[in-house]
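Colleague: Residues -16 to 376, numbered by the numbering used here, are exactly what the sequence shown covers, in order. We treat Cβ as the ideally placed atom computed from N, Cα and C, and that holds for glycine. These figures come from a predicted structure and were not determined experimentally.
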Amino acid sequence: MIPPTTALEYGGRVADTKGSRHSWLRTASGLVGLVLAVPVLAWSVAAILPSHHALTFVSSVLAGSLAVPALVIAAIALILALLGRGGLRMTAVVISVMALIIPTSVTASTMWVTDRAGGWINVFSAAAVSSMADHPDETVRYGSGPDETAQIYRPRNHDTPVLVDIHGGGWNTNATMPATLRWFSDHGWLVIRPSYTLASKSHPTWDIAPKQVACAWAWSLSHAKELGGDPTRVSIMGDSAGGGMAINLAYGAASGKLTSSCGPVRAPKSVLALYPTVDVAAVQSVTTLGAGNAATKYTGGTPEQFPDRYRAVNSSTWITAKAPPTMVIQGNHDTFVPPSSVRDFVARARQAGVDITHVQLPMLNHAFDAQARDSLGFQAVTSLGQTFLSEHQ
């Protein structure tokens, strides 16, 4: 039989051991919460700083992809921090709460604006983003030049509406967003994505690429049926540099000013333009991360050197009351394409009688939709695009 005194001492040691273990677990919980919250807070701060450097620019561009995952991580960090103890608990809680602010703001504002504009976002899908990688079903030639090829993304059915996508990339690179094109084909669109000659310092393409795009458009109209699409329901889409060219082509075709040696170029049913370069001179004035250099390569010089070239590629030059319905989507935090230049274009188009919708997503930068499949930005663009394009087939 254990003496009473010994039993009490033994029980006390057991209680102390359990208390020590519990204390250690609470300390570990607070520490893990802190470790999770710090990188989220660091990314959040970088994402809202002026995007003058690569780190802040990349952080900002990724806001449309990382906001919901970051929100989930910060929420978990806060729960763990609240389970902590002592001074570490308070530090972890404060940092976790701060880490929640930007992801919550980006998520809420993007969802709200998208919903009001007719789109939708599944926040649970946005928490589990995946790669943008995909591949076309076929690559064909629309012309005889080495750069004149087109990728084809086929839907499951036939006689579907057709969507011609003009890619971006600052006129000098081929920016890919295959997951977006696959999404549209999976949702009933025959997607045709033509390539065009890219600009370089010694080879401006301001008068080459638009002609190739017009040729690809004429080819798409004449080959839509054999590819399984409906040639009477053809729309055009473009992002960044491609967005500007898509608008110019659509408006030029509508006014009758645009022709092509490759065939007739009638106006599309509608235009979906993502953060479009509607004012190349405005882009040329941007010094951040080579945006201005891209415009200089495209035109061969500055607006002062070649005012006629800049006028020719300026989307305002092509505005006409006959323009097809247009939707423009842009992040208000865009570093490469000044949001003010897009707002000015939209105002001029409306004044001329164009049926144009302008969706401005707060806190998002350039190419916010092209970094991860099912992200906030990806869902905003695809859902808004699907709603708009379907209404104007």
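Quick check on residue 124: does DSSP put it in helix, strand or coil?
Modeller: Looking at residue 124 - three-state DSSP - the assignment turns out to be strand.
Colleague: Starting from the C-beta of residue -9, find all residues in its chain whose C-beta is less than 8 Å away, skip the five residues before and the five after it, and write them out in chain order.
Modeller: Reliability of the predicted coordinates at residue -9 is poor, the pLDDT of 43 falling under 50, and the value obtained from them is presented with this limitation in mind. If we look at residue -9 and ignore the five residues flanking it on each side, it has no Cβ neighbours.
Colleague: Measuring CA to CA, which of 27, 329, 335 and 315 is closest to residue 351?
Modeller: When each option's Cα is compared against that of residue 351, the closest is 315.
Colleague: Under 9 Å, do residue 272 and residue 97 count as touching if we go by C-beta distance?
Modeller: Against a cut-off of 9 Å, the Cβ pair of residue 97 and residue 272 comes out as no contact.
Colleague: Tell me the start and end of each unbroken beta strand (DSSP E) in the region 153 to 191 that is at least 3 residues and wholly inside, in chain order.
Modeller: You should have 173 to 177.
Colleague: Looking only at its chain, what residues have a beta carbon closer than 7 Å to the beta carbon of residue 267, apart from the 5 residues adjacent to it on each side?
Modeller: Closer than 7 Å at Cβ, skipping near neighbours: 275, 278, 279, 285 and 286.
Colleague: Evaluate residue 200 with the Cβ neighbour count: other Cβ atoms within 10 Å of its Cβ, from every protein chain shown; 16 or more gives buried, anything less gives exposed.
Modeller: Burial call: buried.
Colleague: So is residue -2 buried or exposed if we call it buried at 16+ other beta carbons inside 10 Å?
Modeller: With a pLDDT of 44 at residue -2, under the threshold of 50, the predicted position of this residue should be treated as unreliable, and no value is reported.
Colleague: Using the C-alpha atoms, what's the distance from residue 151 back to residue 175?
Modeller: Cα-Cα distance, rounded: 14 Å.
Colleague: In angstroms with no decimal places, state the Cα-to-Cα distance between residue 167 and residue 186.
Modeller: Roughly 34 Å between the two C-alpha positions.
Colleague: I believe residue 223 touches residue 258 by the beta-carbon criterion, under 8 Å. Please report the beta-carbon distance rounded to the nearest angstrom.
Modeller: Yes, they are in contact, since the Cβ atoms of residue 223 and residue 258 sit about 6 Å apart, within 8 Å.
Colleague: If you follow the alpha helix (DSSP H) that residue 295 is part of, which residue opens it and which one closes it?
Modeller: Element bounds for residue 295: 290 to 296.
Colleague: Ignore the nearest five residues each way along the sequence and tell me which others in residue 212's own chain have a CB closer than 6 Å to its CB.
Modeller: Cβ within range, chain order: 143, 145 and 173.
Colleague: Between which two residues does the alpha helix (DSSP H) holding residue 237 run?
Modeller: Taken as a continuous stretch (DSSP letters only), the alpha helix (DSSP H) holding residue 237 covers 224 to 238.
Colleague: Do residue 81 and residue 27 have their beta-carbon atoms positioned less than 9 Å apart in this structure?
Modeller: It is a contact, given that the beta carbons lie within the stated cut-off.
Colleague: Pull up the CB-CB distance for residue 147 and residue 261, whole angstroms please, since I reckon it's below 8 Å.
Modeller: The pair is not a contact, with the Cβ atoms about 19 Å apart (cut-off 8 Å).
Colleague: If we require 4 or more residues per run, which alpha helix (DSSP H) segments fall completely within the region 32 to 107?
Modeller: Complete alpha helix (DSSP H) runs here, min 4: 37 to 44, 46 to 65 and 69 to 99.
Colleague: Does DSSP classify residue 360 as helix, strand or coil?
Modeller: If DSSP states are grouped into helix, strand and coil, residue 360 belongs with the helices.
Colleague: Return yes when the Cβ of residue 17 is within less than 9 Å of the Cβ of residue 78, no when it is not.
Modeller: Yes, the pair counts as a contact, with Cβ atoms nearer than the cut-off.
Colleague: Pull up the distance between the alpha-carbon of residue 251 and that of residue 23, whole angstroms please.
Modeller: Taking the straight line joining both Cα atoms gives about 44 Å.
Colleague: Using a Cβ-Cβ cut-off of 6 Å (strictly less than) and excluding sequence neighbours within five positions of residue 73, which residues of its own chain qualify?
Modeller: Excluding residues within five positions, none has a Cβ falling inside 6 Å.
Colleague: Let me make sure I understand the geometry here. Which of 317, 20, 127 and 154 has the alpha-carbon closest to that of residue 296?
Modeller: That would be 154, whose Cα lies nearest to the Cα of residue 296.
Colleague: Within the continuous beta strand (DSSP E) that includes residue 381, where are the two ends?
Modeller: With the chain running from -16 to 376 in the structure shown, residue 381 is simply not present.
Colleague: If you follow the alpha helix (DSSP H) that residue 334 is in, where does it begin and where does it stop?
Modeller: Looking at the DSSP string, the run of the alpha helix (DSSP H) that includes residue 334 is 322 to 334.
Colleague: Quick check: the region 320 to 334 against the region 43 to 57, are at least 3 beta-carbon pairs closer than 8 Å?
Modeller: Verdict: no, contact absent.
Colleague: Have a look at residue 247 and residue 214 and give me their C-alpha separation to the nearest angstrom.
Modeller: Roughly 13 Å separates the two Cα atoms.
Colleague: At 3 residues or longer, what runs of the beta strand (DSSP E) sit wholly inside the region 246 to 292?
Modeller: Taking only runs of at least 3 residues, the beta strand (DSSP E) segments lying wholly in the region 246 to 292 are 254 to 257.
Colleague: Given that a residue counts as buried once 16 or more other Cβ atoms are within 10 Å of its Cβ, and exposed if not, what is residue 365?
Modeller: Buried is the call here.
Colleague: If we count the other Cβ atoms within 10 Å of its Cβ and call it buried at 16 or more, is residue 354 buried or exposed?
Modeller: Buried is the call here.
Colleague: Is residue 309 helix, strand or coil when you go by DSSP?
Modeller: Looking at residue 309 - three-state DSSP - the assignment turns out to be strand.
Colleague: Would you mind reading off the limits of the beta strand (DSSP E) that contains residue 148?
Modeller: 143 to 149 is the extent of the beta strand (DSSP E) around residue 148.
Colleague: Using the beta-carbon count (16 or more within 10 Å), is residue 440 buried or exposed?
Modeller: Shown here, the chain extends from -16 to 376; a query on residue 440 therefore has no answer.
Colleague: Do residue 306 and residue 234 have their C-beta atoms closer together than 9 Å?
Modeller: Yes, the pair counts as a contact, with Cβ atoms nearer than the cut-off.
Colleague: May I ask you to report which of helix, strand or coil DSSP gives residue 216?
Modeller: Of the three classes helix, strand and coil, the one that applies to residue 216 here is strand, per DSSP.
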